[in-house]
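Asks:
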Amino acid sequence: MTTTAPRSCAPRFGTPRDPSRKTIGGRQAKVARALGMPMMPWQRHVADVAGEIDPATGDLYYREVVVTVPRQSGKTTEILSVAVDRGVVPWPKGRQTIVYAAQTRNDSRQKLVDEQYEILKASPFAGLFRGEPRTAAGSEGITWRNGSRHKLMATKKTSGHGRTIDLAILDEFFAQVDDRLEGAVRPAMITRDGAQLWVISTAGDAGSIPFRKKIDAGRERSLEGQHGRVAYFEYSAPDDADPADPATWWSCMPALGHTVTEAAIETEYATFAREGKLDEFCRAYLNQWRDGQVGVQAIPAEDWKACAPEDEEAPAPAGRVAFAVDVAPDSSWAAVAVAGRTAGGNPTGQVIDHRPGTSWVVPRLVELQERWDPLAFALDPASQAAALLNEAIAAELKPLLAVTTREYAAACGALYNAATSQPTDGGLLLPPVFRHRNQAQLNAALAGAAKRRLQSGDGWTWDRRASTTDISPLVAVTLASWAYERMAVNDVDVLQTIW
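Okay, structure coming up:
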C-alpha cells in the first residue's frame, strides 16, 4: 500500500532557495520534531531559505525575514523552532538574546507564556533551562543553560533601546500602526554578526501601513528577482480569486491537507458568508488585503494590464520626451519618470529611476537633460520635491514646470482616462491607449495608491499620505505624462512656465 503525501502550495511571492549555500533549516526542522510539531513543507521551505549561510562570512545570509500566511498555518512552529535553535546552539558571538513581541504587551505575554512556554516545558528542551521560566509581569523570559536569553519585548516607544539583540521576532505585525517597534529593534541588532529580524503576520487593513510597506517591497523584489538581504514569503490568493472555490483555498493555504481540512474551511466560509463577513474570511484564510483601499486599484487591474499588451514590444517614447520627479512624504524615496508618445502615437510613461533618498535626483536630471534635450521637467511644489527646486534651478534644468493643484488633478484625470477603457456613443468600450512597461515598482505604487478628492469637488489627486506604499513612481509618471502633453501639443509660452 502506498501513501500519498499531502500536497502543499507554493508561495505566490517568495525568495527562492539558493542551493549553492548551506542552510541551518534542517537543524531547525529537528528542533520542531523535538517540540512535537514536525514542520510542514511550507515551514521547511521558509526555514531552509531563511537559514542560508553566507559563504563569505559564515553568518546568516538574510538579515530580515518577512512571512505572511493565512491564519492557522503554523506560525508558532516556525518562530519557536527558530528561537529555540538560536537559544541552545552555540553561535560565534557567544550567548544570544532573543526577543519576542506581538500586537500588545498582553498579547505578547499570552503567546509567549501561555503558549510557547507550555510547549517548551513539555519538550526535551526543558532540561536545558537555567532555572524555571520567569512569568512575573515585566520579567517574562527563559535563560538557557548556555546563558542565552529568550524574553518578552515591550511594545512601548523605548523598546529595544540600550541592549543588543540577536534575534527579534515581531509577530502579528499587521497591528503595528507606526515604525516605533522596528525602529527600536534595528539599532540593537546592528553590531551583532548573524542577527536576524523576523516579521510574521496575516494580512492587515488600512491602518497596517508599516506591514503594507513590507508587503509591497517584498512583492517588488520578488517580481524583479532582486532579493538583497531580505527573505520574503507570501502565501495569499490574488484579489480576483473566487473565495468560494476550493481551488482558491488549495492555492494559498499551506496548512490545508496537513493540519487544516477542506471541510473545516468549507464550514468557515459558509459561516462568514451567512453573517455578511466575507471580507474577514478573505483576510484571515486567503491572506488578502480587503480594506477597500488596497484591494481595489484606483485604475482597475484589468485595464492596467491591458496597457502593457503581451503581443506588443515594450513601449518606448519616439521623439521628444518630458521628465518628472516625485519624492515620498518622508523623503525616504524618490522617483524619476519619462513620458512621451510611442511610434504608434500612444501616450507612454515609465519609471527610469527609483532610489532611496533625494541627493541623487538633480544630478540624474542633469544627465538626462544633456542626453535627451527634454521638452520639460515637472514636479509638484506642494510635495517634498519642492526641496529640490533651488538645486534644480542652479543646475539650469529648463524648462521647469511647477504644477498647481488644479494641474495635478488634471494630470491624474488624464492618466486615468488614458489607462482605462472608455465607452463610445454606440455602447462599445475602447481599450486603454496608455502604454507602460509593466514595471514592478510602478505596479506596486498603483496597487497601494489612494485618491484624494479636492475640496472644491472638481477632480482628485493621488494622496501620498493615505496611500499604503511609496507612490512616487506613480506620481512621477503622472506628472511626466502631463508635462509632455502640455509642452508637445499645446501652444505654450515657455517663459511663463519657468520657476
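Counting from 1427, one number per residue, gives the positions in the sequence shown under our numbering. Every residue gets a Cβ at the ideal spot worked out from N, C-alpha and C, and that includes glycine. Predicted model only: the values in this text are computed from it and were never measured.
Pull up the distance between the alpha-carbon of residue 1869 and that of residue 1770, whole angstroms please.
Replies: One C-alpha to the other measures close to 23 angstroms.
Asks: Roughly how many whole angstroms lie between the Cα atoms of residue 1843 and residue 1912?
Replies: 16 angstroms
Asks: Suppose you measure from the CA of residue 1584 to the CA of residue 1747; what does that come to, to the nearest Å?
Replies: In this prediction, residue 1584 scores a pLDDT of 48, lower than 50, which makes its location untrustworthy; the coordinate-derived value is nonetheless stated afterwards. Computed Cα separation, rounded: 50 angstroms.
Asks: Give the single residue among 1539, 1699 and 1729 whose Cα lies nearest to the Cα of residue 1841.
Replies: 1729
Asks: Please state the DSSP three-state secondary structure of residue 1704.
Replies: Here DSSP, grouped into helix, strand and coil, assigns residue 1704 to helix.
Asks: Counting only runs of 4+ residues fully inside the segment 1588-1622, write out the alpha helix (DSSP H) ranges in chain order.
Replies: 1606-1615
Asks: Return the bridge partner residues of residue 1479 from the DSSP annotation.
Replies: 1486
Asks: Do the CB positions of residue 1903 and residue 1888 come within less than 7 angstroms of each other?
Replies: By the CB criterion at 7 angstroms, residue 1903 and residue 1888 fall outside the cutoff.
Asks: Can you give me the Cβ contacts of residue 1442 inside the same chain, cut-off strictly under 6 angstroms, excluding the 5 residues immediately before and after it?
Replies: Within the same chain, residue 1442 has no close Cβ partners at all.
Asks: Return helix, strand or coil for residue 1642, following the three-state DSSP convention.
Replies: Helix at residue 1642.
Asks: Less than 7 angstroms between C-beta atoms, sequence neighbours within five positions excluded: which residues of the same chain meet that for residue 1640?
Replies: 1492 and 1625
Asks: In chain order, what residues of the same chain lie with their CB nearer than 6 angstroms to the CB of residue 1463, ignoring the 5 residues before and after it?
Replies: If we look at residue 1463 and ignore the five residues flanking it on each side, its Cβ neighbours are 1503.
Asks: Taking 7 angstroms as the CB-CB cut-off, is residue 1897 touching chain D?
Replies: Checking the listed chains, one finds no chain D in this structure; it contains a single protein chain.
Asks: Got a sec? Which residues, its chain only, sit under 7 angstroms from residue 1906 by beta carbon, not counting five neighbours each side?
Replies: Same-chain partners within the cutoff: 1748, 1749, 1750, 1763, 1764, 1765, 1775 and 1804.
Asks: Excluding sequence positions up to five away, which residues of its chain have a Cβ less than 8 angstroms from the Cβ of residue 1661?
Replies: 1435, 1437, 1438, 1468, 1494, 1495, 1496, 1499, 1678, 1679, 1680 and 1713
Asks: Quick one, are the C-beta atoms of residue 1627 and residue 1599 less than 7 angstroms apart?
Replies: Yes, the pair counts as a contact, with Cβ atoms nearer than the cut-off.
Asks: Is residue 1847 helix, strand or coil by DSSP?
Replies: coil
Asks: Thinking just about the alpha-carbon of each residue, which of 1707, 1656, 1701 and 1827 is nearest to the one in residue 1675?
Replies: For residue 1675, the closest of 1707, 1656, 1701 and 1827 by C-alpha to C-alpha distance is 1707.
Asks: Could you give the distance in angstroms between the alpha-carbon of residue 1507 and the alpha-carbon of residue 1875?
Replies: Rounded to the nearest whole angstrom, the CA to CA distance from residue 1507 to residue 1875 is 37 angstroms.
Asks: Closer than 7 angstroms by C-beta to residue 1879: which residues in its own chain qualify, once you throw out the five before and the five after it? Chain order, please.
Replies: Its chain contains 1886 as the residues whose beta carbon lies nearer than 7 angstroms to that of residue 1879, once the 5 sequence neighbours on both sides are disregarded; these appear in chain order.
Asks: Under three-state DSSP, which class holds residue 1471?
Replies: helix
Asks: Contact between the segment 1539-1550 and the segment 1474-1484: three or more CB pairs below 8 angstroms?
Replies: no
Asks: Straight-line CA distance for residue 1752 to residue 1761?
Replies: 5 angstroms
Asks: To the nearest angstrom, how far is it from the Cα of residue 1908 to the Cα of residue 1837?
Replies: 5 angstroms
Asks: In the segment 1737-1800, which residue ranges form an unbroken alpha helix (DSSP H) of at least 4 residues, counting only runs that do not cross its ends?
Replies: Positions of the alpha helix (DSSP H) runs, each at least 4 residues long and wholly inside the segment 1737-1800, are given as 1787-1798 in order along the chain.
Asks: Across which residues does DSSP place residue 1576 in a beta bridge pair?
Replies: 1524 and 1568
Asks: Buried or exposed: which applies to residue 1702, given that a residue is buried once 16 or more other Cβ atoms fall within 10 Å of its Cβ?
Replies: exposed
Asks: Nearest by alpha-carbon distance to residue 1802: which of 1788, 1489, 1827 and 1510 is it?
Replies: Residue 1827 is the option with its Cα nearest to residue 1802.
Asks: Looking at residue 1745 and the ligand FAD, is the gap between the Cβ and the nearest heavy atom below 6 angstroms?
Replies: Absence of the ligand FAD from the depicted structure is noted, as is the absence of any ligand whatsoever, leaving it without description.
Asks: If you draw a straight line from the alpha carbon of residue 1744 to that of residue 1664, how long is it in whole angstroms?
Replies: 35 angstroms
Asks: If contact is defined by three or more beta carbon pairs under 8 angstroms, each pair taking one atom from either stretch, is the segment 1805-1820 in contact with the segment 1857-1867?
Replies: no
Asks: Put residue 1909 into one of helix, strand or coil per three-state DSSP.
Replies: Under the three-state reduction of DSSP, residue 1909 is assigned to helix.
Asks: Taking residue 1475 as the reference, give the member of 1654, 1767 and 1534 with the closest Cα.
Replies: 1654
Asks: Could you pull the start and end residues of the alpha helix (DSSP H) that residue 1543 belongs to?
Replies: 1543-1547
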